[in-house]
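Q:
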Amino acid sequence: MPKSNRNRKQFSQKKAKVRSNREVRSNPFEIRINRQKHPILGRKRKHEKGNPGVARSKAIEKRKNTLLKEYQQRHKSNKFIDKRISEHDPTMSVEDKMLERFAFEKQKVHEKSSIYNLADEEEELTHYGQSLADIEKFEDGVSDVEDDDKATDALKPVEDNIGGFLLKKKTSEDESEEKPRSREDVMLDIIANSKKEKYERQKEKEGALEKTDELDKDFHNVMHLLAKMKSKKDSEPKQKADDYDITVRELMFEAKAMPTDRLKTPEEQAKEEKARLEKLEADRKRRMLGISEDDEKQKARKHRGADDLNDCYELEPDRRALLSYKDGKPLNPLFLQGAEDTKEKEETPAKGEDDEEMEGEGDGEEEDGGEEEAGEEDDSDMEEEDEDENASEDIEDLESEDGSEGEGEEEMEMKKKMEELKEKKRKKKEMMKKAKEELPFTFQVPATYTELTDLLYHHPPAKQVTILERMRSCNHPSLAEGNKAKLESLLSLLVQYFCGLTDEEPLNMELIHGITKHIYELSKTSHIPTGTCFRDVLLEKYQAFKDTCQRRSQGIYPPVSVLLYFKLISLVFPTSDFKHCVVTPALLFMGEILSQCHVRSLLDVTKGLFICNLFLQYVHLSKRIVPEVINFLHGMLFLSKQKKVAGKLDQVFPPFKPVGKHINYLVLSEDRSESTSCPAMKIKDLFNFSHNSSHLDNDDFRIWATNLSLSLLREFLNMYKDQDSSFELFDPVRQALTEDWINVGQYPASTKELHQNLLSDLDALKGKTKRALERTRRRPVCLKMFEPKFEENYDPTRKDKNTGDKEKDNIRKLVHKHRQEMKGAARELRKDTQFLARQKLKEQIERDNERKEKVKRLYGMLANQEGDFKAMQRKAKKVKF
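Going by our numbering, the sequence shown opens with residue 1009, and the numbers climb by one from there.
1. Quick check: what's the CA-CA separation for L1676 versus W1712?
2. Between M1869 and K1862, what straight-line distance do the alpha-carbon atoms span, to the nearest angstrom?
3. Between which two residues does the alpha helix (DSSP H) holding G1522 run?
4. Measure the C-alpha to C-alpha separation of F1173 and T1134 and round it to an integer number of angstroms.
5. For the putative contact between F1738 and L1770, defined by C-beta atoms under 8 Å, what is the C-beta separation to the nearest angstrom?
6. Consult DSSP for K1045 and reduce its assignment to one of helix, strand or coil.
7. Under 9 Å, do Q1604 and P1567 count as touching if we go by C-beta distance?
8. Report yes or no: do three or more beta-carbon pairs, one from the region 1551 to 1567 and one from the region 1512 to 1528, lie closer than 8 Å?
9. Which whole runs of the beta strand (DSSP E) in the region 1614 to 1688 are 3 residues long or more, in chain order?
10. To test your reading of the DSSP string, which unbroken beta strand (DSSP E) runs of 3 or more residues are found completely within the region 1826 to 1879?
11. Tell me whether G1539 counts as near the ligand HEM, meaning its Cβ is closer than 8 Å to at least one heavy atom of that ligand.
12. Would M1517 and I1691 qualify as a contact pair, given that the criterion is a beta-carbon distance under 9 Å?
13. Given S1151, which residues of its chain have a CB within under 6 Å of its CB, disregarding the five upstream and five downstream residues?
14. What does G1563 pair with, by DSSP beta-bridge criteria?
15. Would DSSP call D1250 helix, strand or coil?
16. Give me the DSSP bridge partner(s) of T1058.
17. Put T1583 into one of helix, strand or coil per three-state DSSP.
18. Please report the residue range of the alpha helix (DSSP H) in which G1508 lies.
19. Count the other C-beta atoms from every protein chain shown that fall within 10 angstroms of the C-beta of V1637, then say buried if there are 16 or more, exposed otherwise.
20. Quick check on DSSP: helix, strand or coil for R1786?
21. Sort L1049, K1282, M1479, E1723 by Cα distance to K1454 and report the nearest one.
22. Where R1838 and S1733 are concerned, what is the direct C-alpha to C-alpha distance, given to the nearest angstrom?
23. Mapping the DSSP letters down to three states, classify R1257 as helix, strand or coil.
24. Which of the three DSSP states is assigned to C1589 in this structure?
25. With 16 as the cutoff for other CB atoms within 10 Å, does R1292 come out buried or exposed?
26. Three or more C-beta pairs closer than 8 Å, one from the region 1088 to 1108 and one from the region 1873 to 1881: is that the case here?
27. In this structure, does DSSP put E1208 in helix, strand or coil?
28. Taking the C-alpha atoms as reference points, what is the distance between K1070 and R1082?
29. D1303 by DSSP, collapsed to three states: which one?
30. Do E1289 and T1450 count as a contact pair if the criterion is CB distance below 9 Å?
31. Can you grab the Cα-Cα spacing for the pair E1477 / L1501, in whole Å?
32. With DSSP collapsed to three states, give me the class of I1577.
33. For E1736, tell me which candidate among H1628, K1425, T1777 has the shortest Cα-Cα distance.
34. Mind checking whether G1616 and V1607 have CB atoms under 9 Å apart?
35. Just the Cα atoms here: how many angstroms apart are V1230 and D1221?
Structure below.
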């Protein structure tokens, strides 16, 4: 027998119940077993097994309900607070909440609702004790009573029945006086008393006003008596104001400080400077074309037609010259100009072309190589100049013809106009010539070194500096995105240009200073490219120096450009750093020059002293010891000594030699002890004519070199005197000065003074005590030894390892719990951060997908439009053909 539908339903319910009661078996691959290093039989562990997947899903769900909601509401400032009655009471049902709210609303509406209802009971409306009904009948009220007694009698009912319409009439006369007063009666009495006090205050105020009016009326009778009285202040002599009072009164009337405009940011200043230069450049180009400001304003005027007329409009008179004829020829020079121009173009077209070519050549000669003026004048401007010349020739012919016939008024006007035209033409040519001679105000950054030299080479130094300044202003990094890269390339080009300038003779120090300023300012905008550029140039110069030394098999001093490049490095980069990517190699390079290059000319002496001075500038803050400088200055003293003919050789260190033809470069040729002043030398005079040092072969240069050597030695001595090795470092110099290396008697007084001061400072180092090596006062800590730690009364069964001291054990437990909590908090914070990061990534992906979909729709729509448009074009072509 088949099962019925009822039996089938019961069977399915039974199976579902059995399935729900059956335990849900977990996936064995999702269970994690926490293994123990040393398992102990019989010990139960709490965290032996774990289910990380379930725990992770619970944590994610919890963060969705808490952290995700806070993240989604982070930008919301308003909150909705539910203040409904019993809304947050979980013990009450919905029906109980509704009943309690309904009772509260009815109670709120029911209380004192009948007090202000005037229609419930009959009440008499009064004003100052008078019935409003009587006042409407125009009967006399209280205000009409003139007698005080009558007013007092009339106000008795007011004082008895204060409150007016608030007092109710008694409905029954049988009410007992002993009946207790209700709250309503008490409140009515309070209101009545307050009304009564208010009325009394008003009555007192009215009385005071009446008395004041009476006194004002009687004051006129006694005012003449007061005028005759003299005050005590008038009788007393007035005191003169002192200086303090005068100063205070002057400060009262002094102008207050007015607020000024805010300081502009560098970006705003750059924009304003660029706009100013562009405006000046447009004005210069306009003047080059011969267009004055008046012509430009006249072109800017719009045409006015008859439709523009209104009540406030007045047409300007037409001041153009009228056309007039004499003997069949027009007298107006403007018409003459147009007629003769057309006639000349028809007859002699070749002449106009030749004139244009000649003018073009003349313009080309006037233009400078670096200016951007090529192509600014077009053929129309040349034609205008030809027209002016032709017009002037025709005017002169006309003057010669009409001179014999006599002069009339029209001829005088014509001559006056011709003179004005000539003057205008002359001013126009002067303006165009002056505009061509001016520098452009806007420049583009050159891409190559050749373009930079072509732009700057033909200009004087002041204009070259101005060109660079305007170039930087037009290409400020804040004005466009690629300007920073352009300025970085400009910096590298300027460094090359600086090296090229220092190789020229004679040195142009004005231009070198201007280029140095721009290099310094450009280096502050981009540090890494600047360091890379300077280091590459330094490596290039060092490689050239090494190649020269290897080719000649001896050390040769580098050219002047290398020395000035060292000076540029000290101006651009900080020299007090312990290690620098540009300054440190430069120091090593300079030290190698002083230690390996032999002095073979007076120019080498100048270069060596220049490098020693640079070393002083490099290390005056860091006080780094440079023995190459002390050795070179010691060699300078050797070169200035008069050598012995026979006997013991003088002590000198490489690269100097005790014998040779170069050992007497700084020996004086004559006695200069009588001269009082020390000669001053400039770098420009010393380094000029580097191939020929004959201009340095004189005693002035020798005295200057000796004095500079002594001054530098004293500067380095003051810098290194705190060092422990200062005596050993300067001992060769001290021996040289004490053994009469320099014949001081032949030198001027300034050299003698420097010699004596340096010698006294060196002698002071001899008695300086040195601090011996000492042990550290603090005993060194012993190293930890890998020895076993033995614990007395050790119990392996005890888990907490109590020491017996409860306080220490509690502190240890608290520290352990604190560490565990800190680790757990840090772990939760990391998980929260990861959750938020995933959420942000998800939102970003959704926004990107949405944007891509929008872009696809837009592209599809545009493609459809393009297809429809092309289809319409094809149809139009078919219809046309």
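Beta carbons: idealized from backbone N, C-alpha and C, even for Gly.
Owing to the predicted nature of the structure, the values given are computational and were not obtained by experimental measurement.
A: This is what the structure holds:
1. A straight line joining the alpha-carbon of L1676 with that of W1712 spans about 11 Å.
2. Roughly 10 Å between the two C-alpha positions.
3. Residues 1517 to 1531.
4. The predicted model places F1173 with a pLDDT of 43, which falls under 50 and marks its position as unreliable, so this point remains unresolved.
5. A Cβ-Cβ distance of about 6 Å is found for the pair F1738 and L1770, placing them in contact under the 8 Å criterion.
6. It is coil, neither helix nor strand.
7. Contact annotation: Q1604 and P1567 have beta-carbon atoms that are not nearer than 9 Å.
8. Output reads no: the region 1512 to 1528 does not touch the region 1551 to 1567.
9. If only complete runs of 3 or more residues are kept, the region 1614 to 1688 shows no beta strand (DSSP E) anywhere.
10. Unbroken beta strand (DSSP E) stretches of 3 residues or longer found wholly inside the region 1826 to 1879: none.
11. The ligand HEM is absent from the structure shown, which contains no ligand whatsoever.
12. It is a contact, given that the beta carbons lie within the stated cut-off.
13. The pLDDT assigned to S1151 is 44, lower than 50, so where the model puts this residue is not dependable; a value taken from the coordinates is nonetheless given after this. Within the same chain, no Cβ atom closer than 6 Å to the Cβ of S1151 is found once the five residues on either side in sequence are excluded.
14. Among the bridge pairs identified by DSSP, G1563 is matched with C1605.
15. Look at D1250 here: in three-state DSSP terms it is coil, with no helix or strand label.
16. Note that residue 1058 corresponds to Gly in the displayed sequence, not to Thr. Looking at the DSSP assignment, G1058 forms a beta bridge with R1040.
17. Three-state result, T1583: coil.
18. For G1508, the enclosing alpha helix (DSSP H) has its first and last residue at 1491 to 1511.
19. Under the 10 Å beta carbon count, V1637 is surrounded by 16 or more other beta carbons and is classified as buried.
20. Secondary structure at R1786: coil, using DSSP grouped into helix, strand and coil.
21. Here residue 1454 is Pro; the residue named in the question, Lys, does not match the sequence. Of the listed residues, the one whose Cα sits closest to P1454 is M1479.
22. In a straight line, the C-alpha of R1838 is about 57 Å away from that of S1733.
23. Here R1257 sits in helix by DSSP.
24. In this structure, C1589 counts as coil in the three-state DSSP scheme.
25. Of the other Cβ atoms in all chains shown, 16 or more fall within 10 Å of the Cβ of R1292; this residue is therefore buried.
26. The region 1088 to 1108 is not in contact with the region 1873 to 1881.
27. Looking at E1208 - three-state DSSP - the assignment turns out to be helix.
28. Looking at the two C-alpha atoms, the distance is approximately 18 Å.
29. Correct three-state label for D1303: helix.
30. Between T1450 and E1289, the C-beta gap is smaller than 9 Å, which places the two residues in contact.
31. Linking E1477 to L1501 through their CA atoms gives a straight-line distance of about 15 Å.
32. In the three-state reduction of the DSSP assignment, I1577 falls in the helix class.
33. Among H1628, K1425, T1777, the Cα nearest to that of E1736 is on T1777.
34. Closer than 9 Å, so yes.
35. Straight-line spacing of the CA atoms in V1230 and D1221 works out to 15 Å.
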